[in-house]
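Under mature numbering (1 follows the signal peptide of the UniProt record, and there is no 0), residues -32 to -1, 1 to 133 are what the sequence shown spells out, in order. Notes for the one structure printed next.
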Amino acid sequence: MRGTRSRSLAAGTIAATAMLAGAVALAPGAGAVTPTTATATYNCGIWGTGTTTLTVVQNGTAATVQVTSSAFTAPLDISANSITSTLNLTLNGGSTQTTFTGTINPAVATGSPVTVGPLPGTVASGDSLDSFTAGTAYSLRIVIFGVTVDCKATTAQTPGPFVFS
């Protein structure tokens, strides 16, 4: 009797392990965005024009974007988490936008390119997002020392839009 019970227990353990492995294989992943980094030219009006680098991280339907731009340099030392930022990305080449917003930034020394983020936002599988926002007032708005700086992407992202899975 003891041998039968051990075989039944072993068979049950194997079945439970197989079911668990199948459940893990079917569990939703964190998501993979491609590319993870892209650049575009941004025009910030009287503040300047230059290359802007966007770096994206996706975790399911949550995503963050960090933005570094030579189009706008710090007029004075900027303390951490003191810039309010809004980034608008065009969704699937249409007129709809996905917005990433927050007050996260590292400290920036006078004369250095401004970096903001990671700015949080929500994405869906299949979303294709590009910073080129034809027809809108701005791609990136930052408010620093009470001054609003609007920057508009004047080129599409290279190597291409962010595509989320």
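Backbone N, C-alpha and C define an ideal beta-carbon position, used for all residues, glycine too.
Using the three-state DSSP reduction, which class does residue i fall into: helix, strand or coil?
i           : result
Gly89       : strand
Gly70       : strand
Ile14       : helix
Pro130      : According to the sequence shown, residue 130 is Phe rather than Pro. Here Phe130 sits in strand by DSSP.
Ala8        : strand
Leu44       : coil
Gln26       : strand
Lys120      : strand
Val115      : strand
Ala(-1)     : coil
residue 134 : Residue 134 is absent from the structure shown; the chain starts at -32 and stops at 133.
Ala31       : strand
Thr21       : strand
Thr83       : strand
Gln125      : coil
Which residues does DSSP list as the beta-bridge partners of residue i?
i     : result
Thr58 : Gln65, Asp98
Ser53 : Gly70, Ile110
Are the CB atoms of residue j and residue i within a distance shorter than 8 Å?
i           : j       : result
Pro86       : Ala6    : no
Leu108      : Thr58   : no
Val33       : Val24   : yes
Ser99       : Gln65   : no
Thr21       : Gly79   : no
residue 153 : Cys119  : As displayed, the chain neither begins before -32 nor continues past 133, which places residue 153 out of reach and without an answer.
Thr4        : Thr123  : no
Cys12       : Val111  : no
Phe130      : Gly(-2) : no
Thr17       : Ala39   : yes
Ala92       : Thr29   : yes
How would you label residue i, buried or exposed, when you count the other beta carbons within 10 angstroms and need 16 or more for buried?
i        : result
Thr61    : The sequence shown places Gly at residue 61, not Thr. With fewer than 16 other Cβ atoms within 10 Å, it is exposed.
Leu55    : buried
Ala(-23) : Any reading at Ala(-23) must be qualified, since the residue scores a pLDDT of 41, below 50, and its modelled position is unreliable; the value itself is stated next. The residue in question, Ala(-23), is exposed, as its Cβ has fewer than 16 Cβ neighbours within 10 Å.
Phe113   : exposed
Val(-9)  : Reliability fails at Val(-9), whose pLDDT of 35 lies under 50, so the model's placement of it is uncertain and no value is given.
Pro88    : exposed
Asn27    : exposed
Gly70    : buried
Ser53    : buried
At a cut-off of 7 Å, would you count residue i as near the ligand ZN, judging by its Cβ distance to the nearest heavy atom?
i     : result
Pro43 : Ligands displayed in this structure: none; no statement on the ligand ZN is therefore possible.
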